Structure formats: structure tokens, C-alpha cells
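Below: one structure, written as C-alpha cells.
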Amino acid sequence: MKKRLIAFTTMAALTAFGVYAQDAEDPFADAVETRHGLMLQMASDLGTLGGMAKGEVAYDKAAATKAAANVAAIASVISMAQFPAGSENGKSADSYALADIWAKPDDFMAKITDLNNAAAMMQTAAATDANAIKASMAQLGGACSACHKAYRQPES
Amino acid sequence: MSRLLTALFGIVLLGIAGFILLSAPRTVNAAAYSGLAGDAAKGELVFWAAGCASCHAAADATGADELVLAGGQQFPSAFGTFVAPNISPDPMQGIGGWTLVEFANAVTQGVGKDGEHLYPALPYNAYNKMVPQDVADLKAFMDGLPASAEPSKPHQVGFPFNIRRSLGVWKLMFEKTDWVIAGDLTPEQTRGRYIAEAMAHCGECHTPRNALGGLQRAAWLSGAPNPDRKGRTPNITPAKLTWSKADVVEYLTSGFTPEFDSVGGHMAHVVENMARLPESDRQAVAAYLQLVPAVE
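So the protein lines, in turn, are chains A and B.
Counting in this note's numbering, the first sequence runs without a single skipped number right up to 156 at its last residue.
Counting in this note's numbering, the second sequence runs without a single skipped number right up to 1296 at its last residue.
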């Protein structure tokens, strides 16, 4: 858990300070790619938890706690560092981030705090049983969609 | 010549008389509501299932603010921009003091307190399938919500759609009180149909409309251009929605797709609402969706 957290934090720091360095076409391409990578890894870990919540996969404490720890680690990485001003939908290719993020950064970060709290609850649930995961899934999903509702351009 | 003029005049008069007759607002059968006592606790579930707060609360409302139905959200459409009115219990600006029959006329028939037609931005074409007891329960719940003295704002609708009387003809053409999915349904499917077709009004966004804004029921839930932004609502018939029943239940509970992307846009409101219902209701909706004819 700790090692993973350090790895993610290092990765975030690297992306924040190093890799953003400049693409002539789209200076925010790396920031956007980092965001999408974080979300994809989160989706993968949620898939592990969700399979158990839906009863498609038998409850496996080791796999569940690992997935929940990953979710918590990713949540702890998300900050304005991956959202440099200007990296928004319409200005940066592939970005679905809405400009409201930079108009209301405090609200945006409050929603990230909610996500961290929900992820912490999921860590407890993951160590308990499939029913606890199922109950915690709604809370976690609510945190995800609260932010996506307000700050992500719908895809379709 | 003068005889011809008289005949023409007569035809025009007949036309006007026909329009007045046909476009007259039709109200509920008051007898069906007499003696009904509303149960506010049951009404809360109707309230969430019907999605009232998603349009009538402030757009970014969360928590207790979701219960302040002051209106103000804007809904752009091909016919103009509709603005959700104040439906809080405020006696001056809201609907405080309305009788149950007046409330039922608005919700299920699209007829306002003064007998005027309401625009079908209010999904009365779905709510007209609700049973009177649910309408009574809903009113009992809404009567207990906080009042807001915020005045309703006018719709921004141009000619000819600003002539409310013309909505009477629209209703004659497009108002439907029968179920889209008919036939022998299990109790679970029947419950799912009631939630989807009568309360949650899924078809209002997921079913394409004709040029006059009438729902194309033959293409039920097959997706439609999004009225308020670019893009489309997805086709959720079995032709495109290939999720398992458990996947649909999970989506309506947590907002997670089977790929663990999460819901956004207006559908995020819908998921918040569905998540407040018992799980059996979400399973019923999932069972109903499997019944819908596949439309490519």
C-alpha cells in the first residue's frame, strides 16, 4: 500500500514537473493523457470490486483489498496538478474537462476530497465481504458521477 | 359572389369553432381523486422516481437544496427555451394551496391552475399513466418541502408555440395514455414498466420525436438527438444495450457502466434518483428494458 502510494505520488510529481514540457501542437497533451491513464487504472480496479459486488466473481479478500488500495491511491493523486489551466475541452485535443473546473477550483477539489473519503470507506468494505463492497460501490459511484456531472463534457 | 363570400366566411368560422373545441384543455376525472389521502413517506419514492427535483431544483443543487423546487433551470429545444417554474409550496410563487385535483391536472394532464395548457417540457405524457394514489402521495410529500418565494421566469418561446391553445391540438395528436410495451408481463416487468413509462419518463429523452415534437413510439427508447446540447442520448433497446440485468442495476445504483466509466450529464441526475429507490425497483427497470423491442 505505502509503496504503491509512493509510486503514484512520484509519477504524479514527474508528470507535473517534467513531462508537461511542451508539445508544440498541444501543450496539454501529456496532462490529458495522465488524467485518462489515472481514470483507466481506476476503472480497472473498480472492475475487480464491481465483479464481486455484482456477484459475477466470488469474494476474494486479497484481490479486493488490493483493488481498493489502488483506488484510494489514485484518488489521492488527483489534484489541480493534472489540470493545468487551459487543458480544457475544446482547447486541448481529447480533453473532456469543462472550463468550470478553473472557475470553481475549490468545489472541484471538494469533490475530489469526497472521492478520497468514499475510497477510504471502500477499503474498509473490501476487507469485509461482497455485500459491504456492494453498499460502498454506490457511495463511490456517487462521488465519481458528482464530479463528472459538473465538470466533464458528456461524450455522446 | 356574395354567396361565395358567405360560404367562405362560414368555413372559416367553422374552422375557428373546431379549433376552439378541439384545443380545449381536458382535465382529470375529479371523482377518481375524491377522498384520496396522500401518504408523504410513500410520496417521497414517487418524487424521486418521477425525477421532479432534477428539473425543478437548482441545476447544481446537492443535499437539502435538492428539495427546494424554486425552478429556474433552462431547457433549450427546437421550439424555444423552457424555464422550469417554481413548484415549491409557496402560496404566492409556488403551488401552495392547490387542491389535489388542480395538482393532478397539472401533473397528469398538463393543465395549469387557471385552465391553461402547460408545455410538454413537463412530461405529463408519461405522468398521465400514474395511478391517482401515487399522485396524491406525491402531493403530500411535496406539500412538506421548503417554500421558495422566487418568482417563476417566463418561457422563451416564439410564435406560434407561444399560443398555448395550440397545445390542445398537440395533445390530441400525441398524448397517449396506453403503455408502449403491452402484453402479458410478469409482476416485476409490470413494475419496471410503471417506473420507466409512467414515472421516470425515460422515453422523453431516449425516444426520437417527429417534427412537431411528438414521440415516435415505434422507435421507443432507440436514442434521440440531445435537446440541449450536441450529441445523442443512447439507444437503450436490446439492439444496442447489451448489458446484463446486473449491469443495468449497477449502473442505476452507482452510475458505473460495465467498463467502470461513470455516468455524467443529465443522466447523472437520473441515477441519483434511481439509487434512492429500493433495489427491487432497479431490477424491475432492468427487466423492463429487456422487453423493449430491439431497434437498430
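Ideal Cβ placement from N, Cα and C applies to all residues, glycine included.
Computed from a predicted structure; not experimentally measured.
Nonlocal neighbours in the same chain, by C-beta distance under 8 Å from residue i, ignoring five residues either side
i, result
"residue 29(A)", "23, 92, 93, 94"
"residue 1123(B)", "1201, 1204"
"residue 1173(B)", "1212, 1214"
"residue 1067(B)", "1053, 1057, 1145, 1146"
"residue 20(A)", "Reliability fails at residue 20(A), whose pLDDT of 47 lies under 50, so the model's placement of it is uncertain and the value that follows must be treated cautiously. Around residue 20(A): 27, 28, 30, 31, 84."
"residue 1030(B)", "1101"
"residue 41(A)", "70, 74"
"residue 152(A)", "96, 97, 98"
Close Cβ partners of residue i (< 7 Å) along its chain, the five nearest in sequence each way excluded
i, result
"residue 1289(B)", "1236, 1241, 1248"
"residue 1028(B)", "1101, 1104, 1105, 1108, 1109"
"residue 99(A)", "88"
"residue 1158(B)", "1080"
"residue 1250(B)", "1256"
"residue 1023(B)", "1165, 1166, 1168, 1169"
"residue 1206(B)", "1221, 1223, 1224, 1233, 1236"
"residue 1193(B)", "1179, 1181, 1185, 1288"
"residue 1039(B)", "1137, 1140"
"residue 136(A)", "121, 122, 125"
"residue 102(A)", "85"
Integer-rounded CB distance, given that residue j should sit under 8 Å from residue i
i, j, result
"residue 1268(B)", "residue 111(A)", "About 12 Å separates the two Cβ atoms, so there is no contact after all."
"residue 1081(B)", "residue 1074(B)", "5 Å"
"residue 1270(B)", "residue 1051(B)", "6 Å"
"residue 67(A)", "residue 126(A)", "7 Å"
"residue 1033(B)", "residue 1136(B)", "7 Å"
"residue 1063(B)", "residue 1140(B)", "With a Cβ gap of about 22 Å, residue 1063(B) and residue 1140(B) do not count as contacting."
"residue 1282(B)", "residue 1253(B)", "6 Å"
For residue i, the three-state DSSP class (helix, strand or coil)
i, result
"residue 1144(B)", "coil"
"residue 1111(B)", "strand"
"residue 116(A)", "helix"
"residue 128(A)", "coil"
"residue 1131(B)", "coil"
"residue 21(A)", "Residue placement at residue 21(A) is flagged as unreliable, the pLDDT there being 46, under the threshold of 50; a coordinate-derived value is accordingly withheld."
"residue 89(A)", "strand"
"residue 170(A)", "An answer regarding residue 170(A) cannot be provided, because it is not within the stretch 1 to 156 covered by chain A."
"residue 1077(B)", "strand"
"residue 1156(B)", "strand"
"residue 97(A)", "strand"
"residue 1083(B)", "strand"
"residue 1002(B)", "helix"
"residue 59(A)", "coil"
"residue 1016(B)", "helix"
"residue 1161(B)", "coil"
"residue 139(A)", "helix"
"residue 47(A)", "helix"
"residue 1171(B)", "helix"
"residue 108(A)", "helix"
"residue 1065(B)", "helix"
"residue 1244(B)", "coil"
"residue 1047(B)", "helix"
Per DSSP, the bridge partner or partners of residue i
i, result
"residue 1225(B)", "1232(B)"
"residue 1297(B)", "The structure shown does not extend to residue 1297(B), since chain B spans only 1001 to 1296, so no value can be given for it."
"residue 1037(B)", "DSSP, once it has assigned bridges, lists no residue as partnering residue 1037(B)."
"residue 1215(B)", "1209(B)"
"residue 1201(B)", "Residue 1201(B) is not bridged to any residue."
"residue 1256(B)", "1262(B)"
"residue 1117(B)", "1111(B)"
6 Å Cβ shell around residue i - same chain, five flanking residues per side excluded
i, result
"residue 1071(B)", "1056, 1084, 1085, 1086, 1152"
"residue 1239(B)", "1294, 1295, 1296"
"residue 1037(B)", "none"
"residue 55(A)", "none"
"residue 1273(B)", "1048, 1051"
"residue 1095(B)", "1087"
"residue 1225(B)", "1232"
"residue 1285(B)", "1192, 1195, 1196"
"residue 1227(B)", "1077"
**Prompt:** Are three or more beta carbon pairs between the region 1133-1150 of chain B and the region 1207-1222 of chain B nearer than 8 Å?
**Reply:** no
Within 8 Å of chain D by C-beta, residues of the region 42-56 of chain A in sequence order: Here the protein chains are A and B, and chain D is not one of them.
Mind the definition here: the region 110-127 of chain A touches the region 63-78 of chain A only if three or more C-beta pairs lie below 8 Å; say whether that holds.
yes
Any chance the region 1117-1131 of chain B sits against the region 1167-1186 of chain B, with 3 or more Cβ pairs inside 8 Å?
yes
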